[in-house]
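To keep things clear, I will list the structure first and then write my remarks on it.
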Amino acid sequence: MSRKFPKIVFLFPVLAVLGAAALLLVRPHRPNVLLITVDTLRADHLGCYGYALAQTPHIDALAAAGTLFSECSAATPITLPSHSSILTGLWPPAHGVRDNGTYVLADKAVTLAERLKIAGYETRAFVSAVVLARRYGLDQGFDSYDDDLWSEKDPKLFMIRERKAPRTIDRVVEWFEAWKAEKKRKPFFTWVHLFDPHQPDTPPAWARALAPTPYDAEIASADRELGRLFDALKEAGVLDDTIIVFTADHGESLGEHGEKTHAIFIYRATIHVPLIIRWPGKYPAGKKVASPVRSVDIVPTVLAALRLKGAAETQGVDLAPAANGRDFPADLPRYSESRLSELGFGMAPLYGIRVGTWSYIRAPRPELYDLRADPDEKNNIFAANASQAARLEDDLKRAFADCASRAIESRPRALNRETMEMLQSLGYLAPAGVRESLGGMDPKDGIGIYTALEDARHAMQRREWIPAEKTLREILAKVPRNVSARNILALLLTQSGRMAQAREEYLRSLADDPGQARVYLQLGHIALLENKMDEARRNFARASDISPGFVEAYSDMGLVEVLAGNPVQAREWYDKAVAVDPDFPAVYRRVGDLYYERGDFASALVQYEEAAAKSPDDFRSLVQAGNCLRRLGRPGKAEVDFLKAAQAGRKSWVPYYNLACLYALGGDTGRSAAAMRQSLKRGFNSLTLLTGDADLSALRRSSEYPPILKTVQERRHDVEIDEDGL
Ligand SMILES: [Zn+2]
């Protein structure tokens, strides 16, 4: 007792103090914060910014219920640095992130998520592109950071890991439903990033039918999905208790100034972004603010709204006075930069500043624009206005000095090969050869080559081989060491069946730039197609030597061992691949294939189901899951998977073919014939399978068979499409 006594005495005052503190700290009610960034979204392609052809009812409704800033400038037309500015309130020279892929936001940087987490918020992020993956440091302060982006639908060399809006919003809504159900829930800060308007444009058909261009259709699709999220908030009664900040990281040139997309130039086409703040009662509904503002103003604005400190550590200002008609400066300096031309292509960098009605760009041939007369910056009046330009050069220097006084060193990052090639595939980084050939050029002069390459890349993505090949050969005639052009040409040759030529182009590409892991991967695929196992093995090994942790190389090594009849070695490679990236769905499918070949259908099924769960549109895994179920004597479940596969792989004849087999085996020749006719509609043309597959023997005995046979016989066997690819 005597030993315990002092402890109790000691505890009382502590408890008393805690109790008092708890009483003092009764928190004011805090609204939720929802930050939405739509990638590559020009403000002037939204209805609320005056675009008559827009299909953006939900964003327009957001603007009608909130305050719209008609003149907001992004810090840079590049995704990662621009988002770093949005989330830290600092310009790129201060936060240190100057480009995609090669920079990581330093731990020292304080993000909005970190500030709100400390203030008691639940913090969630959902991003839709690999350039914002957590390894680049924007995950700081988030309780969870959803960047699960593997998609196998993209052509291999293009490595564009993107998640379309419907899937991202599914995940957001799923999280929201869970949040809603919590008893003692914290307010949330949620950041949702959608990537749809970024190239390549692959909008859903409904949107394509409504919108004037594929770009607008992608915006329409993002809008529809956002509507779903807004509805969920409204239904739960939290919409009006949520500060919604809607913006974009940059716009899209759409051909202005000779730039097709974005990232090189810093003209209004890519720097002017939407900014809408909806918070009923505090931000007037339907108000339009004309004073120019910047993305770096978002953090201090949110902090001020929540009465939190930290604004002084940013380079922005609170926008509430502007929204509410109070004193607000009309000439906030708007800094912007693009160093991609330099870091990615060896051209000169671009730095710009807009003050009042003037816009100035520092470049080998400097530029000055009068925004009143020339808002789109088409008429360079630098030569005639040297003193005005000099004043803006001083403003630019002041912006640099302010950045220098706040500068955070960005975390150094060794550029791994996989990242480098991903950036190249997005057109953000040229291989060494290209960088040499463009050294120091004014981007205004180098844009032609860059644009032609982008054209070719996009033609390839649309499978338009002839124009793509023509453009690529023209580029190579002008700049023979343009490795990007050569790799795309080689892929084109592979896809059009000209293997020997493709191999030659890849080898030339390696001669110019020997460290390209993905080129070795491609050489390995060609060797596989030609059944040269040793050569394939050598190439995949080289790829994984150059780029350790290259999950696709491991997975391909596994595939070689499967084909060579070495299941144990195959399994080792697959295990390595899963260890590196547990979300890479191809591995599960391939491990499934391994069990399937061995006749272990139960184990195979587990793997296929895992693959399908990781990537619900992976129709091959669904087909194989169905095949396992069939062999395990569960035809009902098999049918379900085949039907799902037919939905997921809308163009493939394979799922219906498998259904036809399933029904024929069950003796239902009527449904078998119907499924076979669906398969025919999708291009089935294999006489060998139709006449030889034992599973179809019941169908072959039925009266519905002869017309099916006739159709297939009439079809030309130009190329037997390899449905499985590699
Ligand atoms: Zn972007």
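If you count the sequence shown from 1, position 478 lands on 466 in my numbering, and the numbers rise without skipping.
Where is the CB? At the ideal position from N, CA and C, for every residue including glycine.
Nearest-angstrom Cα separation, counted from residue j out to residue i
i              : j              : result
alanine 682    : valine 556     : 31 Å
leucine 331    : proline 272    : 43 Å
arginine 112   : alanine 361    : 43 Å
lysine 698     : glutamate 598  : 40 Å
cysteine 649   : leucine 684    : 5 Å
aspartate 315  : alanine 62     : 23 Å
alanine 153    : aspartate 204  : 14 Å
glycine 225    : alanine 169    : 13 Å
leucine 23     : leucine 100    : 10 Å
tryptophan 641 : glutamine 612  : 14 Å
glycine 428    : leucine 126    : 31 Å
glycine 344    : isoleucine 454 : 48 Å
serine 375     : alanine 351    : 17 Å
tyrosine 562   : tyrosine 39    : 51 Å
asparagine 646 : glycine 671    : 14 Å
serine 484     : arginine 461   : 16 Å
alanine 42     : threonine 190  : 17 Å
alanine 652    : alanine 626    : 13 Å
glycine 436    : valine 471     : 16 Å
isoleucine 252 : alanine 220    : 38 Å
histidine 705  : serine 674     : Its pLDDT being 48, under 50, histidine 705 is placed unreliably by the model, and the measurement read from it follows with that caveat. Spanning the two alpha carbons is a distance of roughly 8 Å.
valine 566     : glycine 54     : 46 Å
lysine 669     : glycine 637    : 14 Å
arginine 665   : cysteine 616   : 24 Å
Close Cβ partners of residue i (< 7 Å) along its chain, the five nearest in sequence each way excluded
i                 : result
cysteine 391      : Trp79, Pro81, Ala82
phenylalanine 370 : Pro354, Glu355, Leu356, Ala377
alanine 634       : Pro643, Tyr644
Residue environment, residue i, which counts as buried when at least 16 other CB atoms sit within 10 Å
i              : result
histidine 17   : exposed
threonine 730  : Since the first residue of the chain shown is -11 and the last is 714, residue 730 is not available in this structure.
isoleucine 476 : buried
arginine 578   : buried
tyrosine 658   : The sequence as given places glycine at residue 658; tyrosine does not occur at that position. The residue in question, glycine 658, is exposed, as its Cβ has fewer than 16 Cβ neighbours within 10 Å.
glutamate 247  : buried
glutamine 701  : exposed
glutamate 150  : buried
asparagine 88  : buried
threonine 676  : exposed
proline 694    : exposed
aspartate 135  : buried
lysine 96      : exposed
alanine 310    : buried
aspartate 533  : exposed
Extent of the continuous beta strand (DSSP E) to which residue i belongs
i                 : result
serine 484        : First-last for serine 484: undefined, no H or E at that position.
histidine 181     : 176 to 182
phenylalanine 589 : Taken as a continuous stretch (DSSP letters only), phenylalanine 589 belongs to no beta strand (DSSP E), being part of the alpha helix (DSSP H) at 589 to 602.
arginine 112      : 110 to 114
asparagine 20     : 20 to 26
leucine 263       : 263 to 266
leucine 338       : 338 to 343
leucine 56        : 55 to 57
Under 9 Å between C-beta atoms of residue i and residue j
i              : j                 : result
isoleucine 254 : glutamate 301     : no
leucine 34     : proline 262       : yes
alanine 505    : tyrosine 494      : no
threonine 28   : histidine 238     : yes
isoleucine 47  : serine 283        : no
alanine 541    : glycine 512       : yes
valine 26      : phenylalanine 176 : no
isoleucine 396 : arginine 322      : no
proline 45     : aspartate 211     : yes
lysine 275     : leucine 68        : no
Neighbourhood of residue i by C-beta, 6 Å cutoff - its chain only, sequence neighbours within 5 removed
i              : result
isoleucine 709 : Its pLDDT being 36, under 50, isoleucine 709 is placed unreliably in this model, and the value from its coordinates should be taken loosely. Taken in chain order, the list of residues that qualify is empty.
alanine 51     : Cys36, Ile264
threonine 178  : Leu22, Arg112
proline 200    : Leu41
leucine 12     : Bear in mind that a pLDDT of 43 at leucine 12, under 50, signals an unreliable position, so the number given afterwards is only what the model happens to contain. Taken in chain order, the list of residues that qualify is empty.
Sequence-distant residues of the same chain with beta carbon closer than 8 Å to residue i, five excluded per side
i            : result
arginine 619 : Phe589
Ligand 2 heavy atom lying under 8 Å from the CB of residue i
i            : result
threonine 67 : Summarising the ligand content, the structure contains ligand 1 and does not contain ligand 2.
Segment limits, alpha helix (DSSP H) that includes residue i
i              : result
aspartate 390  : 374 to 394
isoleucine 454 : 453 to 466
serine 72      : 67 to 76
arginine 155   : 153 to 169
tyrosine 583   : 573 to 586
glutamate 206  : 202 to 223
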